[in-house]
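Novice: Residue 29 in the UniProt record's numbering sits at position 29 of the sequence shown, with consecutive numbering throughout. For each residue, glycine too, the CB sits at the ideal point set by N, CA and C.
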Amino acid sequence: MRKWVLSGILASEEAYLSHLEALLLPMKPLKAAATTSQPMLTLQQIETIFFKVPELHEIHKDFYDGLLPRVQQWSHHQCVGDLFQKLNLKVRSAKEGKDQNDKNSLETLLYKPVDRVTRSTLVLHDLLKHTPSSHPDHPLLQDALRISQNFLSSINEEITPRRQSMTVKKGENRQLLRDQFMVELVEGARKLRHVFLFTDLLLCAKLKKQTGGKGQQYDCKWYIPLADVTFQTIDESESSPVSQIPEEEIDAMKVKISQIKNEIQREKVDKGKVLDRLRKKLCEQESLLLLISPCMAFRVSNRNGKGYTFLISSDYEREEWREIIREQQKKCFKSFSLTSLELQMLTNSCVKLQTVHNVPLTINKEDDESMGLYGFLNVIVHSATGLKQSLNLYCTLEVDSFGYFVNKAKTRVYRDTTEPNWNEEFEIELEGSQTLRLLCYSKVKQCRDDGENMDRIMAKGQIQLDPPSLQGKDWQRTVISMNGIEVKLSMRFTSREFSLKRMPSRKQSGVFGVKIGAVTKREHSKVPLIVRQCVEEIERRGMEELGIYRVSGVATDIQALKAAFDANNKDVSVMMSEMDVNAIAGTLKLYFRELPEPLFTDELYANFTEGIALSDSVAKESCMLNLLLSLPEPNLLTFLFLLDHLKRVAENESVNKMSFHNLATVFGPTLLRPSEKDSKIPANPTQPISMSDSWSLEVMSQVQILLYFLQLEAIPTPDSKRQSMLFSTEV
């Protein structure tokens, strides 16, 4: 009998709270309700609420009866709060010696129902305290207390400390384990979502636009109990491939972002009045970049096979989500479903539970927050210890750029060992980078016809790139510990300001750091031997190498080839045939980067940047070709030889993933970057390690110049120079 009575109380309390919440929420904020002219609830809605809950109808009968005679006088200038304040409610507390002003206060009247819930909550606490857990009423009291607590939490928006959990059925706590802004692929469209991983479910929510001074609110898109979450395999997801955004589009957006940042910096100096407009534009562009940049699919499904696809930027993040979900699934054995009220309360609680409060944009960073490093990071991957079995192990390095992560380097596979010793050095370009990530993979056999392998991530870790500790010229040694495996690294950073310097070689008998005209004259050729030999070896066995010219080669191998070419070693061809092709590509890039003057010359650099900016296509083509033909003959013929090679590399784009744009991104700054005296970067910057958007704009211009020539079908050159080039490059 007691159980039946408590069930009735519980049902009544739940219905009362749900409809009371429907009545109260549209009336927030309370102080504004008495002054605004915007209607919050229609009379029909209030009538429906009161009649659905008899107890509510009886308690507020005077209010309801007083409201009906006023139907004829209803005005759109009035709102519920006005009428509510005027009505003489016979509230018990008003009879307990309180003055007339308190009785008629809008805040007081509206919070009387909430006071009742507060008192009920205290009573339920006492009842539960004195009810044995074995008693049949105990779970019912727990449910009643849960409903009351969740209701009070949902309407109390003044709680400043972040909540760690919310109460669910049977008195358990639903804790938030992780939350992150992610991109969801919905019917081919990219949507920004806030994903919340709780101890028992995965919730995907959309952040609503804030209007009318309202606080942050979420709209639930879907949820899956963790017991029902499965990860789609590659074969299952073949039918829904992820469309790739052209890199030209992404780079064009980076140019816009850099331009806006430059304008913001100028306005800060000049104390202009358009900062708000510029910040809004920056927010729009960075939000769009955040949407289009991720391309790696992370797919989850529910027990019915319904799949959802997120796009993230690296294998590191994908593995993090998989690991934490799988670990938590060991504790979740049963599926369940949430009522609409429970789902609404859970979604409302996300505002207080969230740990990530802002979309990861530059505009959301504080002024004194580090904007990352710009320059070159040399990393030596030494060795790994802690492996329990012999594996074929290799490592990859990722750094963040413009808010997402990019794979920058890969070690060779060290086979059948528990203690691999790579000792490989890589030079990684940083663009506002703050974090270096390392992933260790176990190499397995290819298992698909299209060549995609199923290499397994054995360990992963990351370190923050701290500017003060990296400012010195010495190597910084560090150890990344992950899952019992330790990988030893050494790092050294060179800021962009120092990397600008093209230093002539003191040893003019070599080829590195020596003017190209002097080398060709000494060799009696039109194109330097080092260029021809590197190109020949790459075309022999590297045209289908994934990321050729983009993936870093081993620095020690590159230095060995550099020394051999400088010493005019006759065995250099044999050395090249035994080395990784990425080291040969790195040697060719290093040669052009260390020229004392760029291939496009300091004298013509400014003209090229002005020519590429012309809007008229006919004028641009005439200008760019005339400038190109104005280069010294060794420079021109070497460039044309390299250009033909890069076009042949791009013909294999479907395999090596190196498009014209990718190749222009790699070689543009290398071939065009001016000597220090001609650069727009200040020679003595006040902050040697800082964000430099003027540098970014200059680099983008260099990329566009090379891209322009790559996209031209043919470059008309005088027959004498073309024949001279063909003759000089015969092997």
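Helix, strand or coil: how does DSSP classify Y591 here?
Specialist: Three-state result, Y591: helix.
Novice: Just checking, does the segment 353 to 361 make contact with the segment 452 to 467 on the three C-beta pairs under 8 Å criterion?
Specialist: No contact exists between the segment 353 to 361 and the segment 452 to 467.
Novice: For N348, count the other beta carbons within 10 Å of its own beta carbon; 16 or more makes it buried, fewer makes it exposed. Which is it?
Specialist: N348 should be labelled buried.
Novice: I need the DSSP call for M624, collapsed to helix, strand or coil.
Specialist: Helix, per DSSP.
Novice: For the ligand HEM, is there any heavy atom lying closer than 7 Å to the beta carbon of C295?
Specialist: With respect to small molecules bound, the structure shown includes none, and the ligand HEM cannot be examined in it.
Novice: Which class does T121 belong to by DSSP, given the choice of helix, strand or coil?
Specialist: Of the three classes helix, strand and coil, the one that applies to T121 here is helix, per DSSP.
Novice: Mind the definition here: the segment 612 to 631 touches the segment 513 to 526 only if three or more C-beta pairs lie below 8 Å; say whether that holds.
Specialist: The answer is no - the segment 513 to 526 does not touch the segment 612 to 631, with fewer than three Cβ pairs under 8 Å.
Novice: Excluding the 5 residues flanking F333 on each side, which residues of the same chain have their C-beta closer than 8 Å to its C-beta?
Specialist: Taken in chain order, the residues that qualify are A227.
Novice: Let's test the definition: count the other Cβ atoms within 10 Å of the Cβ of N662 and tell me whether it reaches 16, buried, or not, exposed.
Specialist: Answer is buried; the Cβ neighbour count reaches 16.
Novice: With 16 other CB atoms within 10 Å as the buried threshold, where does D449 fall?
Specialist: Any reading at D449 must be qualified, since the residue scores a pLDDT of 44, below 50, and its modelled position is unreliable; the value itself is stated next. With fewer than 16 Cβ atoms within 10 Å of its Cβ, D449 is classed as exposed.
Novice: In whole angstroms, give me the CA-to-CA distance for P294 and L145.
Specialist: Approximately 44 Å, taken between the alpha carbons.
Novice: Report the three-state DSSP secondary structure of V359 (helix, strand or coil).
Specialist: Correct three-state label for V359: coil.
Novice: So what does F426 bridge to, in DSSP terms?
Specialist: Beta-bridge pairing links F426 to V379.
Novice: Alpha carbon to alpha carbon, how far is A583 from S617? Give it in angstroms, no decimals.
Specialist: So the alpha carbons of these two residues sit roughly 38 Å apart.
Novice: Whose C-beta lies closer than 8 Å to the C-beta of S133 among residues of the same chain, with five residues either side of it excluded?
Specialist: Answer for S133: no residue qualifies.
Novice: How far does the beta strand (DSSP E) with L397 in it reach, from first residue to last?
Specialist: Residues 391 to 401.
Novice: My understanding is that V666 touches N656, with C-beta atoms under 8 Å, so please give their C-beta distance in whole angstroms.
Specialist: V666 to N656, Cβ: 12 Å. No contact.
Novice: Classify V406 as helix, strand or coil using the three-state DSSP reduction.
Specialist: Here V406 sits in strand by DSSP.
Novice: Does DSSP put Q142 in a helix, in a strand, or in coil?
Specialist: Three-state DSSP puts Q142 in a helix.
Novice: In this structure, does DSSP put V574 in helix, strand or coil?
Specialist: V574: helix per DSSP, three-state reduction.
Novice: Mind checking which residues open and close the beta strand (DSSP E) that includes T638?
Specialist: No beta strand (DSSP E) contains T638, which is instead part of the alpha helix (DSSP H) from 633 to 650.
Novice: Between D566 and Q702, what straight-line distance do the alpha-carbon atoms span, to the nearest angstrom?
Specialist: About 28 Å.
Novice: In terms of residue numbering, what span does the alpha helix (DSSP H) encompassing Y549 cover?
Specialist: No alpha helix (DSSP H) holds Y549; DSSP gives it neither H nor E.
Novice: Which residue's Cα is closest to the Cα of F709: E653, L643, M658?
Specialist: It is L643.
Novice: Rounded to a whole number of angstroms, what is the C-alpha to C-alpha distance between K521 and M253?
Specialist: Near 43 Å, if we compare the C-alpha coordinates of M253 and K521.
Novice: In this structure, how does DSSP classify P225 when only helix, strand and coil are distinguished?
Specialist: Correct three-state label for P225: strand.
Novice: Taking DSSP as the reference, what is the three-state secondary structure of H130?
Specialist: H130 falls in the coil class under three-state DSSP.
Novice: Taking the alpha-carbon positions, what's the residue 732 to L697 distance?
Specialist: Lying before the first or after the last residue shown, residue 732 is absent from the chain, which here runs from 1 to 731.
Novice: Thinking C-beta only, is L291 closer than 8 Å to V123?
Specialist: For V123 and L291, no; Cβs fall outside 8 Å.
Novice: What distance in whole Å lies between the Cβ atoms of V399 and L439, which are believed to be in contact at a cut-off of 8 Å?
Specialist: Contact doesn't hold; Cβ gap of about 12 Å is too wide.
Novice: Check whether the Cβ atoms of L202 and V242 sit closer than 8 Å, and answer yes or no.
Specialist: Against a cut-off of 8 Å, the Cβ pair of V242 and L202 comes out as no contact.
Novice: With DSSP as the reference, identify every bridge partner of Q711, one or two as the case may be.
Specialist: DSSP, once it has assigned bridges, lists no residue as partnering Q711.
Novice: Taking 7 Å as the limit between beta carbons, can you name the residues of its chain near T587, skipping five residues before and five after?
Specialist: Hits under 7 Å: C534, I558, L561, K562.
Novice: Any chance the segment 380 to 392 sits against the segment 418 to 436, with 3 or more Cβ pairs inside 8 Å?
Specialist: Yes, since at least three Cβ pairs between the segment 380 to 392 and the segment 418 to 436 fall closer than 8 Å, the two stretches touch.
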